[in-house]
Amino acid sequence: MKRTAPVALLAFALVLGAFPALAEDTILFGAAVSLTGKTAKEGEYTRDGYNFAVDTLNAQGGINVGGKKYKLAVKYYDDESKSESTAQLIEKLINEDKVTFILGPYGSAPSGTAAPICEKYKIPMIEANGSAESIFSKGYKYTFAVLSPAKLYLKGLIDLVMSKDKSVKTVAVLGENEPFSKEVASGAADYAREKGLQVVYQELYPTGTQDVSALLTNIKGKNPDIVLGAGHLQDSLLIVKQAKDLGVSPKAMGFSVGPSSPEFRENLKSNADYIFGATQWTEALKYNGDDPWKTPKGYATAFRAKHPKYGDIAYQVAESSAAVIAFSRAIEKAGSLDPAKVRDAIAALDIMTFYGQIKFDSRGINTFKPMAIEQLQPDGRKYTVFPSSVAEKDALYPMPAWDKRK
Amino acid sequence: MGGAELGQIFVNAVLLSGILALVALGFSLVWGIMNIVNLAHGSFIVLGAYITFFLHELLGVDPFLSIPVAMVALFTLGWGIQRGLINQVIRAPLLATFLLTFGLEILIVNLINYFFKADVRSVTTAYSGTGFTLGSVRVPYIRLGALGISLVLVALLAWYLRATRVGRAIRATGMDIDAARLTGVKVATIYAATFAIGAGMAGAAGSLLSMIVPFDPTLGGGYTQRAFAICVLGGLGNVANVVIGAAIFAFVDVFVGARLPSLSRAVTFAILVLLLILRPQGVAGKRV
Amino acid sequence: MSALPSPVPRIPGDSILEARGITKKFGGLAAVDGIDLTIRRGEILGVIGPNGAGKTTFVNCMTGLEKPTAGTIVFNGQDITKTPSYRIGRLGMARTFQVVKPLRQLTVRENVATGAMFGARGSERSAAQARHEADEVLERVGLADMRGRTATELTILDLKRLELAKALAMDPQLLFLDEVMAGLNQSEIEKAMELILRVNRSGVTLFVIEHVMKAIMGISDRLTVLHYGRKIAEGNPKDIVESPAVIEAYLGERFARRAEAAGEENALIEPGTFLKAPPAPAGDTLLEVKNLVSGYGEVQILRDVSLEVKDKEIVALIGANGAGKTTLLWTISQLLKPMGGSVHFAGRDITAARSDEVVGAGVVHVPQGRRLFAGLTVRENLMQGVYLRRDTERIEQDLERIFSLLPLLKERAGQLAGRLSGGEQQMCAIGRGLMSRPRLLLIDELSLGLAPLVVDSLLDLITEINREGTTVLLVEQDVQVALEHAHRGYVLETGRIVQTGPAEELLDDPRIRQAYLGL
Amino acid sequence: MKKAAAIAGFLALLALLVALPRLVSSYKLLTYTRFLILALMAQGWNFIGGYTGYAAFGNVAYFGIGAYTTGLLMIGKWHVPFFPALAAGALLSALVAILLGLPILRLKGHYFAIATLGVAEALSQVADTWDSVTEGSTGIDLPLKTEGEFFYYTALGFVIVGLLCTAAFSRSKLGNGCVAIREDQDAARMLGINTTLFKVIAYALSAVFAALAGGLTAYQNIHVTPGDFFKIDYTLQMIIATIIGGAGTVLGPVLGAAVFQLLSTYVWSKFLELHPTILGVIIVLFIVFLPRGLMTVLGRKRQRGERPFRMSDLLANVRAHRVT
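Residue numbers (our numbering), protein chains in the order written: chain S, 13 to 418; chain L, 46 to 333; chain C, 76 to 594; chain H, 59 to 382.
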């Protein structure tokens, strides 16, 4: 007995130490993001975004649920950028770690596999990084996305160019054969047709493609006014590099993913100039929201204060923070932690934030927030150039041919 | 497609086959001599790419000049891995060595990921993307240079294996390990040298790729697969076969890519399987 | 062999297998060259012939493992020339492999059961019945107590038995035995012979390839002799071994004449019939092998071998196939690790050395079957010989030296070694050995599969290099070739040295003929 | 006597396995289900890779075919119930395996490996682009099925059937013939074995198991995309599991699957960022010290009177497979 007593104590301590998250006044969120594998970088953005919002809210004393203050905490797992792992980890978060709510993974495919699990346990998930509408076409009730849907990504760019130049006629669209990019590509192509442009080239290339010279050669033959790329960062970089290799010089060139992240310029140096990029959010936008940071600027400053290593802030960070804000507001509205109640509160949510309006349509997508377009300009900086209401600078158009640059 | 396009696509294919030849060179050597399919080959390529990248970023070394550094570094690593690990299981069943190298691949890739993070990198120099135009056909300098260096290294290895004492011993060991012993060859050393050379070549390939494609720690896997396919297409046992295999692969890939991009890999592999069934010893190779 | 059941009655002229004009070509040369052969039901047909006579290839053709280039095979009145080998097995033909082919990871019982499952009566048996059948076969061949062992754990004798058991389990009517006795010692051979006779008496027709003459003489009803892919003799065993053609094929032509002479009463042998090897120089011991024990895995081949080679000597090591000659050389050059005993070279203990150290010490091994690097040119093969040499400046002149000794190689210098003829390959192999500047040259089966003329020129070469100071240990199955050119000789039998002495004494010793022809 | 004890132990284990869903959280249950599914794949691979000795590197193709056939039959205009759909998937896989096997099983060693790998890659891209049928990279969604027990019991059932099949196979003429082929094709032929036929059967068997695993996983994950269901990871996992456990043994694949799945899950939850690295190290160590799998430690046949395994044998293993 004498001997066992301390052991028992120790064990008890361990048990307590093991579950700090379950301490009374904390709401535990669960998230399976990619920390290794193909999208490890974006996964890191996502995690930073979630953490930043949670810390900020906690610093303000947490959130108020039915007159009681709760702190927030997030339990993370690494899905290795493999969506089948996501499903498994969401199960783990819900069953083992007993999380109350789920914050989405990075990417459309993982979100696609996470959604049914949340549906199965009736645990609401707000995700910030999966905008493929295929996720929301299944009528899931517990999955919501704060970001604008894939098909809108390049819409703004087409509008922008057409406002600048009435003479544009032709568009080429190439996309990665993967749910999200596929939707971006077809969305852009459809919108271009709708606007009376002629889509002279529309092809999908397989994920992991290391050489697009063949596609670009075909495109060069068609000599389109606009070249749109819908893939991931790596693809966008590859397309620009090889476009220069092959002297493909359209009047405008834009991508769904890539230009908005700092690595784009780090990789391409001055070759990144004049490239347009779609973005869910930039710190130049002029929203005035009701949240700890109010404006994009406010958010950016606060975030940089915490993460000096960041240059400009990738939109994945902001939208991830936005997901946490949306959750907190919905929970406060519901005034309870009951998943069903919170779910309904989310569905009914309509708030303005530093990230823009957050309001979900019947499927759970935030179709109310517009996309913005950025352009990398020769001064080495990146400017929001669309929508014009919030444009920091006028877009440089047309893009000078590669060999005409000094 | 028009004549101009055909010409351009043809040139693209030629340039691509050069790099692919170098990618598959070390893989083929190790397979041919030691009968090991080295799944860690891709991770060696990635290491080469990172070496070039950091030398360029931090010390401003011109990527082409960093190739020898990458080769030496990978050579050393390869030697160590062979003596330390692979040599321990080299006589185990085929799949054992296969999985050992697979484990190595996971290990190396994720160590890179852990230390250098998953950021996408690429080496961009003042002359990146510049080139000259023949008629309507663009020839970018870097890819041309890559082609040149690949061919030089291929030739160098061919010469080394043919004309030097150790090179001859390497080929001899690959043909008859016991007879080689009877001429005084210490097989463990020769194997180490073979594997190290293979790794060194992978390093060089990595250096070149770092200028051509944006990369992250996961770049390698795809190239291991390509190397595998190229060796089968070309056949083992001769450096020249690698070039042939690479050319076939590149041309199929590029031309199919130009017609139906989304099916390029399917078609390439379909052709590969057919070739295997019709000519198991490879297009150029002798049965091994 | 007393308690044997009585022979099965034979219907004269009733043949179980008719082979007509069987030819098998590999590349250019014919390993089997138009052999006609009939096997009578119920008989034991013995087949002999020097290595490379095409015996095994012939069996491969009969059993469908290789498709003959020409000729027809009729088994029990049915043409099976084109039948796939697995069907042939089911038709009631079975074989053993000279190089045993056990199913290594399987137990002895499973090995044999496999035969019982798919053999002539396999279809009638369930797997379980097959295993039961296997046990009975194992009893018959005396492997019953090994049934639980995996094949990898068996000795060579048991592996041979297993080979036989697998074949028997297939309930064959005709069984091909390919050198089941090679490497067995006397008492083991006795056992094997008895076993084979039992099998035959139980109604199985046998086609027996064997080098151990005593055995083949003991069991065969008829004897066929193959040489260079042709049938050179067939008939009653006694007559066959007396026939000069056969003795010549085996022991060389002068020996043959001597045999004839021996036939006549006290005939005189004119002097000079034998070339006498030069008198042995009195050098000090260069190679000393003491009580060497060696083999593969758990299988002992060398049981206890001691021999010594003096500086500047040519020593011949002779003995029947499977006596352990090659094993001895492999152990000396450390391709096999000795299990016991010691090897000293020039006073230095090399028992536990690495193979490259042995070569470095000056012991160079020209292996059986040449083992050239087929994909390297002749020149490259020769140059590979200098791998360990540091005296680069003298290498070129050595190469010239080799070329002057073997002008043929000079002509072929640029060719791939794989494309050379047998003789040229042997030259190249010796050349490769010489390029290492050996103090002791180990040559394994110099004359194997080579035409007499070629052999003679090679022997002159050996004598030449020996005169220049290279010591030679020559392993040969051709007694005459070996002894005529050596100073001393050793006779190896089933892993032991049974006789030694000056070469010419051994040449005259009738026991040698006996060891070979079992007379 | 001993036998009785063994049977008792087995029944106890079985009882435990059956009771498991009552005892553990549904996540743990999911992990066990994953292990069972991996075991199922490994059992399949064991037929062609373990017993017959052919390094099949494309079995994920049959996993994918099983998944898509099951899925497409369950949704769309047919609404076939799960089990018939699954059976259809298995059948189709077997058919494909037979047609492919006839030509490619003539290849040996690495060449067979790359051929199978190539087939898998090609199929994956076909699924990726054949929108009209597979909805391309977007993938298809099966009806939502939430009871974890269902998948657990189904998988458990299949694995037990798999064990019985493997046990029967290893005792049957077929199994015996396949092993003979692995050990020495010439000898096998001479023993009267129709090698081509046997190889194809073994290959088809492995395809059926992969298909079952695929269909089950599809129904469990609901969301089926080419990217997820044709990825080489599955092939590698089934091979690793089999090798770790012991290729060509009855229990090996299941044992290996358990070790691999549970180890990786554990490492996963413990090391947020280093887990793949650690997994790599584990694989490397396994291969170096036990290149022939765990069954060489546990599965020593008693009637052969072999001594029990000693730690020193690990080093012996290394020595046995090294060159100097």
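From the three backbone atoms N, C-alpha and C, an ideal C-beta is built for every residue, glycine too.
The segment 261-270 of chain S and the segment 141-161 of chain S do not touch, with fewer than 3 CB-CB distances between them shorter than 8 Å.
Within chain S, the residues Thr229, Asn230, Lys232 and Gly233 have their CB atoms less than 8 Å from the CB of L:Glu50, given in chain order. Against H:Asp199, the close residues of chain S are Lys150, in the order they occur along the chain (beta-carbon pairs closer than 7 Å). Pairing S:Gln369 with S:Tyr327 gives a Cβ-Cβ distance that is not under 8 Å.
Across the segment 136-150 of chain S, no CB contact with chain L closer than 9 Å is found for any residue.
Note on the segment 73-131 of chain S: whole alpha helix (DSSP H) runs with a minimum of 4 residues are 95-107, in chain order. Each residue's CA atom was taken as its position, placing H:Lys166 and H:Tyr211 some 38 Å apart. At a cut-off of 8 Å between C-beta atoms, C:Gly102 does not count as an interface residue with respect to chain L. By the criterion of at least three beta-carbon pairs nearer than 8 Å, the segment 148-165 of chain C is not in contact with the segment 98-106 of chain C.
If only complete runs of 3 or more residues are kept, the segment 201-234 of chain S shows the beta strand (DSSP E) at 210-217, in order along the chain. Counting along the chain, C:Met168 sits inside the beta strand (DSSP E) bounded by residues Met168 to Arg170. In the structure shown, the three-state DSSP call for C:Asp553 is coil. Listed by position along chain S, the residues whose Cβ is nearer than 7 Å to that of H:His281 are Gly124, Thr125 and Pro128.
Under the three-pair Cβ rule at 8 Å, the segment 492-507 of chain C counts as touching the segment 453-468 of chain C.
Sequence-distant Cβ neighbours of S:Ser332 in its own chain, meaning closer than 6 Å and more than five residues away, are Thr58, Gly61, Tyr62 and Ala140. The continuous alpha helix (DSSP H) containing H:Gln278 extends over residues Thr253 to Asn279.
Per DSSP, reduced to three states, the secondary structure at S:Lys150 is coil, with no helix or strand assignment. Within the same chain, Val118 and Ser182 come within 8 Å of H:Lys289 by CB-CB distance, once the 5 residues on both sides are set aside. By the beta-carbon neighbour count (other beta carbons within 10 angstroms, threshold 16), C:Ser522 is buried. For L:Gly174, at least one C-beta of chain S is nearer than 8 Å to its own C-beta. At a cut-off of 8 Å, the C-beta of H:Gly124 has no neighbouring C-beta in chain S. One thing to note: H:Gly220 has its Cβ within 8 Å of the Cβ of H:Leu98.
With contacts defined by Cβ atoms closer than 8 Å, C:Thr406 and C:Ser369 form a contacting pair. Fewer than three beta-carbon pairs drawn from the segment 130-142 of chain H and the segment 67-79 of chain H are found closer than 8 Å, and the two stretches are therefore not classed as touching. At a cut-off of 8 Å between beta-carbon atoms, S:Asn189 makes contact with chain H. The alpha helix (DSSP H) runs of length 4 or more contained entirely in the segment 228-313 of chain C are, from start to end of the chain, 231-244, 261-276 and 288-294.
Residue burial is scored here from C-beta neighbours: S:Thr294 has at least 16 other C-beta atoms within 10 angstroms and is therefore classed as buried. For H:Thr293, the nearest beta carbon of chain S is not closer than 8 Å to its own beta carbon. Distance from the CA of C:Glu579 to the CA of C:Tyr565, rounded to the nearest whole angstrom, comes to 12 Å. The Cβ of S:Pro236 sits no closer than 8 Å to any Cβ of chain H.
Within chain H, the C-beta atoms nearer than 7 Å to that of S:Asn107 come from Ser83, Ser84 and Tyr85, in chain order. Spatial neighbours of S:Thr221 in its own chain (CB-CB distance under 8 Å, excluding positions within 5 residues in sequence) are listed in chain order as Glu188, Asp247 and Leu250. With the rule of 3 Cβ pairs closer than 8 Å, the segment 137-156 of chain S does not count as touching the segment 77-84 of chain S.
DSSP, read as helix, strand or coil, puts H:His168 in helix. Among the residues facing chain C, H:Lys231 is included, as its CB has a counterpart in that chain under 8 Å away. Those residues of the segment 207-240 of chain H placed with their C-beta closer than 7 Å to a C-beta in chain C are Arg229, Ser230, Lys231, Asn234, Gly235, Val237 and Ala238, ordered along the chain.
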